[in-house]
Each structure stands twice: as C-alpha cells, then as structure tokens.
Amino acid sequence: MKIFVIDKKYEELKKKNLQRNIIIETGILRALFTCFFCRGCIIYSAKEKKILNFFQSFFRIPYLYGSIQSIVQFENQYAKVKHVEIPILMYHQFVLKPEEGGKIKLFVTKRQFEIHLKILKLLNYNTITFEELKQIGLHNRFNKKYIILTVDDGYKDNYTILFPLLKKYKMKAVIFWVSGIKTNKWTIKSDGEKEIHLLDDSQILEMQNSGLIEFGGHTLTHPSLKKLDDIDATREIIEDKKNIERTLGKTLTAFAYPYGHRKESTKKIVEKAGYFFAVSTDTGSGIITEDYYDIRRTAIDKTSLFDFIRKISPGYLQYKAKKYRNRRR
Ligand SMILES: [Zn+2]
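To convert, take the position in the sequence shown, counting from 1, and add 581; that gives the working numbering.
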C-alpha cells in the first residue's frame with residue numbers, strides 16, 4: 582500500500598512501519614490523481630481537509646487524517662472507502678450427484694465446482710491460502726485480485742472431488758479439518774444426518790504436500806464453542822492444533838469456528854493457541870484488518886451461478902455485514 586503524505590507527518594509514519602511505501606507528496610493534486618487510478622493507494626494528512634472529504638465521498642479516494650494509532654488503520658480505511666476486501670468463500674461437501682449430499686444440503690456438485698473454478702480463472706482471480714496472505718502482507722492484499730476458497734470439516738470427498746479439480750486448474754484452497762473424530766458425528770446426533778467419512782492422516786499429508794492445500798484447525802469434535810466453558814474450549818482448540826501439526830509437520834495459520842459460534846473469550850484462546858487468523862460465518866465487519874479473529878466468509882452451498890458471480894465481487898462481504906447489522910437493529 583502506497584501512502585501519500587501531504588503534510589509533515591512523514592517521520593512519525595516512518596517510525597511506525599518501515600516496510601510501507603510512504604511517499605512525501607506536497608502536491609495534493611498528484612496524490613489525488615494517483616490514488617484515483619492506482620490500487621492500494623491512500624492519502625494521509627495531519628489535519629482534516631474539506632477537499633479531501635469531498636473526493637473521498639464522491640470519487641472514493643480514501644484518505645486518513647489525525648494521529649495514527651496503528652498502521653493497520655490505513656488498510657481499514659482503504660477497504661471501507663473503496664468497498665473492497667478479498668472474497669473468502671466457504672464450502673463444505675462435494676458430490677457427484679445432488680442425491681449423494683447430506684440432509685442439510687451443504688454441498689456443491691463436482692460440475693458446479695468446476696464451473697466456479699473456470700469463472701475464477703476467467704476473471705483472473707488468484708487463489709491464495711491464509712499462510713500466503715500473511716506472507717504477501719495485509720497491506721499488499723489489494724495489489725492483485727486475490728480470493729480465498731475455504732472448505733469446512735474435511736470430508737472424504739475433498740480428496741476424491743475437490744483435490745483433483747484443484748490440481749487440474751492449479752488453484753488453491755484451505756481446508757478446516759476436524760481432527761478428533763472419523764465421521765460427521767455432530768450432525769448425525771443433532772439432525773439424524775447420514776454418516777459421512779472425514780479425511781484421514783495420509784490423505785491430508787498428500788494434499789498438503791501438493792502445495793495446493795493448506796490445512797487449518799476446526800476443533801477436535803466440532804462443538805459449538807459458544808456453549809463450552811473456557812477450559813473445554815481450550816482443549817478442543819489446542820489438542821486439535823497439536824494433532825494436525827504433528828501429522829503435517831508444520832504450524833497452522835488459520836482456524837474456523839464450528840457453526841461460526843464463538844464468545845469473546847474464544848477469540849483470545851484461538852490467538853493464544855498461536856493462530857494468526859480465525860474465520861467465522863455470518864459475523865465480522867467484512868474487513869479482515871478490523872478483526873483478525875472474526876473474519877467473515879460467504880457461504881457458497883445452494884448458490885446459483887448468478888449468485889456466485891455476485892458473491893465473488895470484492896464488495897460483497899461488506900455489503901452482507903451491513904445488511905446483517907441493519908437487520909439486527
Ligand atoms: Zn464445520
């Protein structure tokens with residue numbers, strides 16, 4: 582992210598983060614012009630300026646003013662004003678025919694998923710993982726068209742259907758695997774769902790080694806973390822992380838709350854466990870840098886092709902977050 586400074590706060594910013602591309606720009610016009618055409622540019626001014634307010638609201642040229650508490654404020658403001666964020670999609674099961682899917686119908690068919698991948702290719706999206714996002718740097722995440730495909734629970738079909746398609750199109754995904762049980766016990770118990778097997782150790786190792794799939798934590802047994810006390814929640818999160826890390830021989834970066842359920846204390850537990858990101862379902866502002874432990878996702882199961890195209894637009898997560906907040910009021 583390039584930050585155009587139009588007054589004398591350069592030294593302060595430089596101290597905050599040296600990796601940033603900070604440009605001292607005395608001319609407001611050049612700053613405005615560049616920020617209008619370039620992705621990931623923002624203007625910084627020590628004092629509020631009416632002219633910049635005007636450009637921000639009418640031409641979506643983002644700017645920040647006042648004292649800077651944290652450098653992350655720039656990313657937040659950029660995402661908010663431009664109405665953009667990396668789309669983060671959520672899948673579950675993959676089936677050959679709809680009849681094979683579970684009762685809750687959290688699935689896409691092989692055919693549908695292949696079309697999704699073709700559309701992403703056509704629109705020039707780069708699929709990345711959370712580990713890659715961390716490496717790229719949150720401040721560089723708007724420089725290219727990135728998207729993250731996530732898959733919850735780690736069903737066997739992730740190996741037989743999802744994995745071959747990812748190889749075919751050379752695209753990536755993140756699977757949040759339940760490591761402590763062999764089948765979907767949590768849905769069998771509550772909804773009388775049929776039994777579906779989860780991935781085993783050798784499959785997850787092979788998938789990781791392909792370089793196309795990153796694994797993340799999703800607890801040992803898929804409980805609602807809202808209903809557990811902190812001691813049980815800690816066990817579910819930490820033991821699961823240890824299990825997967827032992828199998829894969831590497832540290833995990835991201836975690837997904839089962840059902841998207843969590844308390845405020847759950848977020849702390851996840852952070853303490855050493856995760857860098859945690860994804861939810863229908864909570865979170867739709868801006869990653871606002872809360873790394875409440876990253877909103879878009880559910881793709883039961884989505885028509887038209888809806889899919891709508892859901893991968895960079896402004897969709899924030900649109901949903903706003904709609905959801907309004908409804909709750
Ligand atoms: Zn789940």
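The beta carbon of each residue, even a glycine, is placed where N, CA and C say it ideally should be.
Sufficient close CB pairs (3 or more, under 8 Å) joining the segment 894 to 904 to the segment 840 to 860: These segments do not touch.
Stretch-stretch touch, CB-based, cutoff 8 Å, three pairs: the segment 689 to 696 with the segment 711 to 728: No: fewer than three Cβ pairs fall under 8 Å.
Enclosing beta strand (DSSP E) for Y727 [first to last residue]: Y727 to D734
Heavy atom of ligand 1 within 8 Å of F757 beta-carbon: yes
Cβ pair D782, T832 closer than 9 Å: Contact: no.
Inter-residue spacing [alpha-carbon to alpha-carbon] between S648 and C622: 19 Å
Buried or exposed (CB count within 10 angstroms, at least 16 for buried), D888: exposed
Classification of R906 by the beta-carbon crowding that lies within 10 angstroms, buried from 16 upward: Exposed, by the Cβ-count rule.
Inter-residue Cα distance where the pair is K848 and S885: Cα-Cα distance, rounded: 33 Å.
Cα-Cα separation between V689 and K678, rounded to whole angstroms: 9 Å
Cβ contact (3+ pairs, closer than 8 Å) linking the segment 740 to 753 and the segment 793 to 806: yes
Cβ distance (whole Å) where E774 is taken to contact I881 below 8 Å: Actually they are not in contact, since the Cβ atoms of E774 and I881 sit about 19 Å apart, beyond 8 Å.
Per-residue burial, N739 [other beta carbons within 10 Å of its own, 16 or more giving buried]: buried
The segment 757 to 771 / the segment 806 to 815 touching (three or more Cβ pairs under 8 Å): Touching, no, given that fewer than three Cβ pairs across the two stretches are closer than 8 Å.
Check: H778 C-beta below 8 Å from any heavy atom of ligand 1: no
Alpha-carbon spacing of L645 relative to I729, whole angstroms: 28 Å
Those residues which DSSP pairs with F688 across a bridge: In DSSP, F688 forms a bridge with Q674.
Terminal residues of the alpha helix (DSSP H) in which C616 lies: Boundaries of the alpha helix (DSSP H) around C616: I609 to F618.
Check: P804 C-beta below 8 Å from any heavy atom of ligand 1: no
Local Cβ density within 10 Å of K628, reported as buried at 16 or more and exposed below that: Its Cβ having fewer than 16 others within 10 Å, K628 is exposed.
Residue(s) in a DSSP beta bridge with S626: Answer by DSSP bridge pairing, in chain order: Y646.
Those residues which DSSP pairs with E795 across a bridge: V755
Beta-carbon proximity check, A660 vs F723, cutoff 9 Å: yes
Nearest-angstrom Cα separation, counted from K726 out to N707: 6 Å
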